[in-house]
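Counting from 1412, one number per residue, gives the positions in the sequence shown under the working numbering.
Every residue gets a Cβ at the ideal spot worked out from N, C-alpha and C, and that includes glycine.
First up is the structure itself, then whatever we jot down about it.
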Amino acid sequence: MQTKISNIIQLIANLSHSRTAYLLKGARIEAFSGAGTESLFSELNQDINGAAEAELGGAVNWASFRELSVKTGLRSVYIKKLDNNAEDEGALFLVLFSEKNRHFSPFRLENVRLLEDFLCEYMEVAGLKNIKQTLVEAAGNIEAIIYSTDVKGEKYLFITDAVKKILGYSPSELMENPGRFLRRIEPKHLAKYREFINQLRGGSSATVEYQVKDTSGSMHFLRNSGFPVEKNHEIVRIDGVVSDITKEKETQLRLEKSEERFRLLIETANDLIFNLDSSGYFLMVNNYGALALGYKPEEMLQRHFLEFISDDYKAEIAIAFQQILKSDKLVSFDAAFLDKFGKEIFFEVQCRPTLNNGEITGMLGIGRDITQRRKDEGKLRELNSRFIEANRLISIERDRAKQQVSVLEELNKLKSDFISNISHELRTPLASVVGFAETITSDPNMPREMILEFSNIILSEGKRLAKLINDVLDFAKMEAGKLDVFKTEFDIVETLQSVMAGLNDEARQKAIALTSEIPEHPVLITADKERISQVIQHLVSNAIKFTGRDGRVTLIAQDFRREFEIIVSDTGIGIPSRDLPNIFQKFYKAARPGISQIPGSGIGLGLVKQIIDMHKGLISVQSEVNKGTTFIIKLPKSN
């Protein structure tokens, strides 16, 4: 029995990192572990022998122990009465020693709890005979696995029943086959487990954490602390304790994930987030907030908050800080920060104190950039000052709006007329083309002369239709603002001659005299040749269209120093004076009583005006009803 109790006490000594463990019985000390201590035991017995009481609380006994500790290089670290029966000479005391000046660490949570569990059980022991059973039962009730192995770790000398609860193996199963435990260790942790064993074999205490699977396949995270036991300067065995820290690891993992999410939240937030100590110095600032001020986070740490504040706001913020440190409420204030280059950036800051055991240790704050809002507020004030003036102008604008409504109504009417006119203009030549083509197709015996005549008509109407479609497309581009000009330098005289030659047949069919007065020498201008030809052709063709038989159409061109002037004049029906101001408007078509049968889309003159404007030229019109019309164009010449 004495030997078995000695083994258990030795195990307690190992777990507590003590060099030697003793049980005091009355006035006699019996050693249960430690090597080379026989002289110490004898000296201890001599020092305490004859003491009036066995209890160590007495002055004589405690002084003896303290003196002996200094003399022998040992130091008492834990003394606990194990038996409440103080009058019994068999009362027991547990005494643990560690080497002096050696780092002593029995205060690991699992070790302290283990000792207290043992000692609490001892308090209920009436005498030495029950210690063995009490220690065994106490060890069995502890959640941690207490074990002892040989130096190689290949044979278990002792292992508690807690292994059944944690891994599902009984102590006897592991003592018979220690390899079962090793096979349950996760392969990724085997390397550090082997390093742990090597440290123990080398004589150093060690701790390792690893994962194992129990017999049901569930995963556990274990913390294994081992302590080599020496006798005569030789390691004779290894004692240790294994704790199941699965819940601890899960809690730690959840905490790490929570901290990571919190860190990501801080780093991705588009705000200035900071933590100050109680004196106002930065302990933490997020990356976005620091960059907003032109700094890296580490450049702001350990610097005072007011270092980054404009002088105009420092007094106000100092008062706000005093309010924060006096209460646990949220305090808001606006602050003008100065960035790295001295530029003011306004933040709306919300701060509250951080507490530790009810004591304010600093403050946590969030700042939202309101620089743009400040600017907007300034603009709003400026706009408000203009609002009254704008209201005064509204009444005037209302009157103008009424006029615009009438203009829009007129414009809608013009668009409707345009659609009607353009439909008619498209239908007429298309009907001629289809009609004459069907006539040619239906009569295979038609004379060749008639086929030729009809073909010429089809060709003429097709060209007319193509011209109309081109005008509509150009007009659509003009409406969309996409009417382009491609300017080149060309001889305007040659262009005028070509246009006039192309319209001779049209004038001849109505017996109209088509004449021109054009300079004989070349005149170069920079313009879009195709668009200028389009303008001249449209004006001359219009003049022929609105001039009766035996009338006259004349084109006059004059070369001046800086400009080239083109005049297209006819003896036609003329334009009423009331229509002259609107003649170049989109969709506008002058009303001519009695001659509504003359075709026209109403887009030609609007397109002409647009082309001349794009060339930075001028166009004007003079007309009298039944006397004729004259269009005057002035185009800038080449440099």
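- [ ] For Q1728, name the three-state secondary structure that DSSP assigns.
- [x] What sits at residue 1728 in the sequence shown is Ile, not Gln. Three-state result, I1728: helix.
Open item on the list: Quick check on this structure: which residue in N1681, T1626, I1880 has the alpha carbon closest to the alpha carbon of L1593?
Closed with: The shortest C-alpha separation from L1593 is found at T1626.
Task: Three-state secondary structure (DSSP) of L2029 - done: DSSP places L2029 in strand when its eight states are reduced to three.
Open item on the list: Can you tell me whether E1872 is buried or exposed? The criterion is at least 16 other CB atoms within 10 Å of its CB, across all chains shown.
Closed with: Counting Cβ neighbours within 10 Å, E1872 comes out buried, since at least 16 surround it.
Task: Where I1656 falls: helix, strand or coil (DSSP) - done: Three-state result, I1656: coil.
- [ ] Decide if D1650 is buried, meaning its Cβ has at least 16 other Cβ atoms within 10 Å, or exposed.
- [x] So D1650 ends up on the buried side.
TODO: State whether the stretch 1652-1663 contacts the stretch 1559-1567, with contact taken as three or more CB pairs (one from each stretch) at a distance under 8 Å.
DONE: Verdict: no, contact absent.
TODO: Give me whichever residues DSSP pairs with A1938 in a beta bridge.
DONE: DSSP lists T1899 as partners of A1938.
Open item on the list: DSSP three-state label for D1780, please.
Closed with: Residue state, collapsed to three classes: strand.
Open item on the list: On the DSSP letters alone, give me the boundaries of the beta strand (DSSP E) that L1578 sits inside.
Closed with: Counting along the chain, L1578 falls outside any beta strand (DSSP E), though it belongs to the alpha helix (DSSP H) covering 1573-1578.
Open item on the list: Looking at the strands, I want to know which residues DSSP matches up with G2017.
Closed with: Partner(s): none; G2017 has no beta bridge.
Open item on the list: For the alpha helix (DSSP H) containing G1985, name the first residue and the last one.
Closed with: Where G1985 is concerned, there is no enclosing alpha helix (DSSP H), given that its DSSP letter is neither H nor E.
Open item on the list: Given a cut-off of 9 Å on the beta-carbon distance, is the pair G2028 and G1983 in contact?
Closed with: Not closer than 9 Å, so no.
Open item on the list: Using CA atoms only, rank isn't needed, just tell me which of R1989, V2032, I1943 is closest to A1954.
Closed with: The shortest C-alpha separation from A1954 is found at V2032.
TODO: Taking only the alpha-carbon atoms, compute the straight-line gap between G1778 and R1792 and give it to the nearest angstrom.
DONE: Rounded to the nearest angstrom, the two C-alpha atoms are 25 Å apart.
Open item on the list: Only counting the same chain, and skipping five residues up and downstream in sequence, which positions put a Cβ closer than 6 Å to that of S2034?
Closed with: G1985, I1986, T2040.
- [ ] Could you give the DSSP three-state label for I1906: helix, strand or coil?
- [x] In the sequence on display, residue 1906 carries Thr and not Ile. Correct three-state label for T1906: helix.
- [ ] Assuming V1951 contacts V1904 (C-beta within less than 8 Å), just tell me the rounded distance between them.
- [x] No, V1951 and V1904 are not in contact; Cβ-Cβ is about 15 Å, not under 8 Å.
- [ ] Using 10 angstroms around the beta-carbon of D1682, count the other beta-carbons present and answer buried if the total reaches 16, otherwise exposed.
- [x] It is buried - the Cβ of D1682 has at least 16 other Cβ atoms within 10 Å.
Open item on the list: Three or more C-beta pairs under 8 Å: does that hold for the stretch 1736-1749 against the stretch 1713-1723?
Closed with: With contact defined as three or more Cβ pairs closer than 8 Å, the stretch 1736-1749 and the stretch 1713-1723 are in contact.
- [ ] Using only alpha-carbon positions, find the residue among Q1969, S1927, A1701 that is nearest to K2048.
- [x] That would be Q1969, whose Cα lies nearest to the Cα of K2048.
TODO: Using the DSSP secondary-structure output, state which residues sit across from V1964 in a beta bridge.
DONE: Partner(s): L1925, D1981.
Task: Residues near V1760 in its chain [Cβ-Cβ closer than 6 Å; skip 5 each side] - done: Residues F1744, A1746, G1776, G1778 of the same chain have their beta carbon placed closer than 6 Å to that of V1760, with the five preceding and five following residues left out of the count.
Task: Proximity to V1946 [Cα-Cα], best of F1685, R1859, R1960, L2046 - done: Here the closest residue by C-alpha is L2046.
Task: Beta-carbon spacing of I1978, I2023 below 9 Å - done: No, these two residues do not count as a Cβ contact at 9 Å.
Open item on the list: Does the stretch 1672-1690 come into contact with the stretch 1639-1647, if we say contact requires no fewer than three beta-carbon pairs (one atom in each stretch) closer than 8 Å?
Closed with: Cβ pair count under 8 Å is below three, so no.
- [ ] Determine the contact status of S1636 and V1653, defining contact as a CB-CB distance below 9 Å.
- [x] Taking C-beta atoms as the reference points, S1636 and V1653 count as a pair closer than 9 Å.
Task: Coarse secondary structure for S1594, derived from DSSP in three states - done: Contrary to the premise, residue 1594 reads as Arg rather than Ser in this sequence. In the structure shown, R1594 sits in a helix (DSSP, three-state: H, G or I).
- [ ] Check whether the Cβ atoms of I1868 and F1847 sit closer than 9 Å, and answer yes or no.
- [x] Yes, Cβ-Cβ distance for I1868 and F1847 is below 9 Å.
- [ ] Alpha carbon to alpha carbon, how far is E1727 from H1715? Give it in angstroms, no decimals.
- [x] Rounded to the nearest angstrom, the two C-alpha atoms are 16 Å apart.
Open item on the list: At the level of alpha carbons, what is the spacing between D1902 and Q1814?
Closed with: The straight-line gap separating the alpha-carbon atoms of D1902 and Q1814 is approximately 46 Å.
Task: Exposed unless 16 or more other CB atoms sit within 10 angstroms - verdict on A1918 - done: Counting Cβ neighbours within 10 Å, A1918 comes out buried, since at least 16 surround it.
- [ ] Look at Y1621 and L1611 and say whether their C-beta atoms are less than 9 Å apart.
- [x] Taking C-beta atoms as the reference points, Y1621 and L1611 fail to come closer than 9 Å.
TODO: Can you tell me the Cβ-Cβ gap for L1925 and V1964, rounded? I've got them flagged as a contact below 8 Å.
DONE: Yes, L1925 and V1964 are in contact; Cβ-Cβ is about 5 Å, under 8 Å.
Task: Of the residues L1704, E1931, R1942, L1666, the one placed nearest I1967, counting alpha carbons only - done: Answer by Cα proximity: E1931.
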